[in-house]
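Using my numbering, read the sequence shown as starting at 805 and increasing by one per residue. Every residue gets a Cβ at the ideal spot worked out from N, C-alpha and C, and that includes glycine. These numbers come from a predicted model, not from an experiment. Okay, so here's the structure we're looking at.
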Amino acid sequence: MRNAPYADWMKIGIDSWMLGWEASTVIGLRMAKLAAGGPAASAEAQRMIAEKMQAAFELQVAATTGKLGSTPHAQASKALLHYRRKVRANAKRLG
Numbered sequence: 805m806r807n808a809p810y811a812d813w814m815k816i817g818i819d820s821w822m823l824g825w826e827a828s829t830v831i832g833l834r835m836a837k838l839a840a841g842g843p844a845a846s847a848e849a850q851r852m853i854a855e856k857m858q859a860a861f862e863l864q865v866a867a868t869t870g871k872l873g874s875t876p877h878a879q880a881s882k883a884l885l886h887y888r889r890k891v892r893a894n895a896k897r898l899g
């Protein structure tokens with residue numbers, strides 16, 4: 805039996821929701837670190853900006869070189885996977 809035609813896109817929706825949930829966790833952990841102040845907070849603020857720029861650059865390179873795939877679904881799925889990996893790594897590091 806084949807999946808319903810919308811099932812793949814439903815997974816994109818769920819993955820998007822999960823990215824939002826995971827990002828909210830990282831935001832909370834980061835805010836606590838920033839609120840504590842000191843050199844660690846300053847380093848975290850700089851790291852936060854640098855890693856966002858790096859993640860966006862990596863995704864742009866993948867998109868322009870065709871590494872995200874040729875269909876809208878593949879591109880959306882791989883973009884979400886890219887960002888979720890980065891966010892999960894931050895949650896692990898900060899938690």
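What residue range does the alpha helix (DSSP H) around P876 cover?
The count along the sequence shown starts at 1 and reaches residue 876 at position 72. Where P876 is concerned, the enclosing alpha helix (DSSP H) stretches over 876-898.
Cutting at 6 angstroms between CB atoms, please list the residues of its own chain near L872, excluding the five before and the five after it.
Counting from one through the sequence shown, the residue named residue 872 turns up at place 68. Correct list, in chain order: A866, Q879, K882.
Could you tell me how far apart the beta carbons of K837 and A845 are, in whole angstroms, since I believe they sit closer than 8 angstroms?
By 1-based counting over the sequence shown, the position of residue 837 is 33. By 1-based counting over the sequence shown, the position of residue 845 is 41. Their Cβ separation, rounded to whole angstroms, is 6 angstroms, which keeps K837 and A845 in contact under 8 angstroms.
Keeping to the same chain, check which residues put their C-beta closer than 8 angstroms to that of A859; ignore five residues upstream and five downstream.
Mapped onto the sequence shown, residue 859 falls at position 55. Hits under 8 angstroms: H886, Y887, K890.
Tell me whether the beta-carbon of D819 lies closer than 9 angstroms to the beta-carbon of L884.
Numbered from its first residue, the sequence shown carries residue 819 at position 15. Numbered from its first residue, the sequence shown carries residue 884 at position 80. One thing to note: D819 has its Cβ within 9 angstroms of the Cβ of L884.
Endpoints, the alpha helix (DSSP H) within which G817 is located:
Taking the first residue of the sequence shown as 1, we reach residue 817 at position 13. First-last of the alpha helix (DSSP H) with G817: 811-840.
So what does DSSP say about L863, is it helix, strand or coil?
Here the question's residue 863 lines up with position 59 in the sequence shown. If DSSP states are grouped into helix, strand and coil, L863 belongs with the helices.
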